[in-house]
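Notes for the one structure printed next.
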DNA sequence: GTGAAAGCGCTAACAC
DNA sequence: GTGTTAGCGCTTTCAC
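Protein chains in written order, with the UniProt record's numbering: chain B, 1 to 362; chain S, 1 to 362.
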């Protein structure tokens, strides 16, 4: 059936050497002195026989499996998971590691989460990546300590395990600044109602950026709703109907921005001529396909996956101490991605805006 | 560091029995006769010591790793991958298996794809799942034969490995029938230009369903474009501008449907009052959030992942022979998901349509 | 330069 | 009922 019971000793026999020699040359052991001619012969034979090392046996012997456990909640519901996994997988594979995946429901009990970790530990993974699909604080399973581990897109509540998160504030500042740079002076925001870090830091960044630019923050121009399309629609409707309506809106995420598009359409407002919109998340499916395409800020999912994996492996291999990252999360930048939804404010607005881009499209 | 060097022999020592006994009770070996009292003691001690089996050692000994390799192309680009992975992971875990993931680029060479398989084989996976993100035919890496394997969402060109695919035709029939049932008699279609199975089978199903209902197929009412939003927009514009325009459009996928929504808006046509739209794929982000929400047909990604895994494991455990599925792919149904984009045709249309739902919204 | 042999943690004959 | 032991495929110490 599986025609691969060719082991190191088959190679040894065929090459007329001992298993030790085979092991030495195949692993390029530094201190081993093996004749060049023997080396070549071993390689040639191994190749010809189609030898492949049994990584399990190696692992048992060396106490290093070369496997990284990846616990992720809600793998399926967002495309974000894919980006994190990809970042992790590519980084791991480049260094000879493989990723073992476990899906954990966010509704799972503490017990079930511990047993997810135990599963992985039984498999002898060298380290664990623990990923969430949106940035938040959580208390990690107890049995995670003692193993090299890094949290992706979340922070440990007790700061005992290293983690990597997006620069929410920086991204938000970029978004708001983009609006300011386009000439907007009266800017609204539609925010999330959940009590997660992003809600607070994006709002604060919004205020700070306004302040830094000498613009006033109008409380009545920020409305919060559930961070989905309908919520975005409702909130946007409210800000757009406010007495002195803003010329631009900063949206908590792309889905809410999608709702804002609909609100604008409903009110007969053109984007970006009458109202500029900027989102957050860079969900391709939405951002690229909305009309006009949405200017938004990207979350560094791939990069977080890659960073986490690189540092996890460095720690496993003793090149680095994960402890150094434990005190506070590592923060990765959220780049701006410019598309079509931002323009200068309409020239007849109450702003000091210039009328440079009074292009009419309909 | 890792405080878990507690093995079977530690348990044996602490319980005052031999390792055999421990192994027997922990694995519930059928033929082993062990005293009830001993059993309890062993369990208790194992528990107390926090014993966890070393799955690597077990695997080495039993020649069964309990790991399933999952090769997927483009893990990150579509949410579909997540659903397949989830179906596979949940099914596997329920049976004591874990999933090892490898991302393979669809642009990769035959060689690189063979080495993806080799990687997994070195890891001693018990079987391999090979998934693509859209349904198509491919030639599998040569070294995949000889290992239990199943293709997910694709077919082997030489029909030598079992596979599971969506019922494209059935889904398309459902979609078209939904339109017919709503009273439409003049129906257009916007199709994909790629030469993939779905393109042909969805078109054929479209024609067949029309024929079965005694409706005529109008060649000029089907237009093809690249299967993305802009393509959908262009194609829909063309069908909607045709002399005697249809009252409903069947779209190749949800993205094209999104384009069709824009085309309708551009032309001042209301959905579903003036024109009914049905999509394909059930991409939540789009289908649920478009306004009005899109009626579409779902692709059974989760189910395919689950089916593939169940049957792979059955084969691994000798409960089933995968050979039986090899001659032709197993086909899983694509259920209809009804939302808001279909209504009866406008009463003033040339159809025999009733005017039951002449609700005006705008 | 090369090889013999121990042992990673476990299972499963087989012996008692 | 319970214990002894060989060996899964490999790495590595040590001897030659």
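For every residue, glycine included, the Cβ atom is placed at its ideal position computed from N, Cα and C. Here the structure is a predicted model, which is why all the values come from computation and not from measurement.
At a Cβ cut of 7 Å, what residues of the segment 51-67 of chain B count as close to chain S, listed as they run along the chain? 52, 53, 54, 55, 56, 57, 59, 60 and 65
If you draw a straight line from the C-alpha of residue 128 of chain B to the C-alpha of residue 199 of chain S, how long is it? 42 Å
Which word fits residue 350 of chain S, buried or exposed, when buried means at least 16 other C-beta atoms lie within 10 angstroms of its C-beta? Any reading at residue 350 of chain S must be qualified, since the residue scores a pLDDT of 49, below 50, and its modelled position is unreliable; the value itself is stated next. By the neighbour-count rule (16 or more Cβ atoms within 10 Å), residue 350 of chain S is not buried but exposed.
At a CB distance below 8 Å, what residues from the segment 72-93 of chain B approach chain S? Give them in sequence order. 75, 76, 77, 78, 79, 81, 82, 83, 85, 86, 89, 90 and 93
Below 7 Å between beta carbons: does that hold for residue 71 of chain S and residue 130 of chain S? yes
Terminal residues of the continuous beta strand (DSSP E) containing residue 97 of chain B? Segment: none, residue 97 of chain B is in no beta strand (DSSP E) and carries neither H nor E.
Let me see if you follow: with CB-CB separation under 7 Å, is residue 99 of chain S close to chain B or not? yes
Closer than 7 Å, Cβ to Cβ, to anything on chain S: give me those residues from the segment 229-240 of chain B, in chain order. 229
Cβ of residue 252 of chain B within 7 Å of any chain S Cβ: no
Residue 10 of chain S, DSSP secondary structure in three states: helix
Nearest by alpha-carbon distance to residue 157 of chain B: which of B:139, B:16 and B:222 is it? B:139
I need the straight-line Cα distance from residue 44 of chain S to residue 36 of chain B, nearest angstrom please. 56 Å
Using the C-alpha atoms, what's the distance from residue 163 of chain B back to residue 271 of chain B? 38 Å
Output needed for residue 337 of chain B: all residues of its chain with C-beta closer than 8 Å, excluding positions within five of it in sequence on either side, in chain order. 282, 287, 295, 296, 297 and 298
Which bits of chain B does residue 291 of chain S rub up against, with CB to CB less than 7 Å? 262
Are three or more beta carbon pairs between the segment 232-248 of chain B and the segment 181-189 of chain B nearer than 8 Å? yes
So that I know if they touch, is there some Cβ in chain S lying closer than 7 Å to that of residue 122 of chain B? yes
Do three or more CB pairs link the segment 263-277 of chain S to the segment 305-324 of chain S at distances below 8 Å? no
8 Å contact criterion, which residue 125 of chain S and residue 69 of chain S should meet: CB distance rounded: 4 Å
contact_flag[the segment 316-324 of chain B, the segment 218-227 of chain B] where n(CB pairs < 8 Å) is 3 or more: no
How would you list, in chain order, the residues of chain B whose beta-carbon sits under 9 Å from the beta-carbon of residue 255 of chain S? 285 and 289
Should residue 162 of chain B be counted as a contact of the ligand FAD given a C-beta to heavy atom distance under 6 Å? Of the ligands one can find in the structure shown there are none, so the ligand FAD has no counterpart to examine.
Just the Cα atoms here: how many angstroms apart are residue 353 of chain S and residue 314 of chain S? Legend: pLDDT at residue 353 of chain S = 38, less than 50; position of this residue unreliable, value from coordinates given subsequently. So the two alpha carbons sit approximately 51 Å from each other.
CA nearest to the CA of residue 243 of chain S, picked from S:53, S:220 and S:66: S:220
Burial state of residue 50 of chain S, where buried means 16 or more other Cβ atoms lie within 10 Å: exposed
Residue 118 of chain B touches chain S at which residues, Cβ-Cβ below 8 Å? 52
Residue 303 of chain S: first and last residue of the uninterrupted beta strand (DSSP E) it sits in: First-last for residue 303 of chain S: 301-316, but that is the alpha helix (DSSP H), not the beta strand (DSSP E).
Contact criterion: CB-CB distance below 7 Å. Does residue 336 of chain S meet it with respect to chain B? no
With a threshold of 7 Å between beta-carbons, can residue 189 of chain S be considered close to chain B, or not? no
Can you name, in chain order, every residue of its own chain whose Cβ lies under 6 Å from the Cβ of residue 409 of chain S, other than the five neighbours on each side? The first residue shown for chain S is 1 and the last is 362, placing residue 409 of chain S beyond what the model contains.
Residue 159 of chain S: buried (16+ other C-beta within 10 angstroms of its C-beta) or exposed? exposed
So what does residue 248 of chain S bridge to, in DSSP terms? S:187 and S:276
What are the residues that DSSP puts in a beta bridge with residue 137 of chain B? B:155
Considering just the uninterrupted stretch of the beta strand (DSSP E) at residue 165 of chain B, what are its terminal residues? 162-166
For residue 331 of chain S versus residue 75 of chain B, is the C-beta distance shorter than 7 Å? no
What is the rounded straight-line gap between the Cα of residue 2 of chain S and the Cα of residue 318 of chain B? A caution first: residue 2 of chain S carries a pLDDT of 45, below 50, which makes its placement in the model unreliable, though a value can still be read off. One C-alpha to the other measures close to 14 Å.
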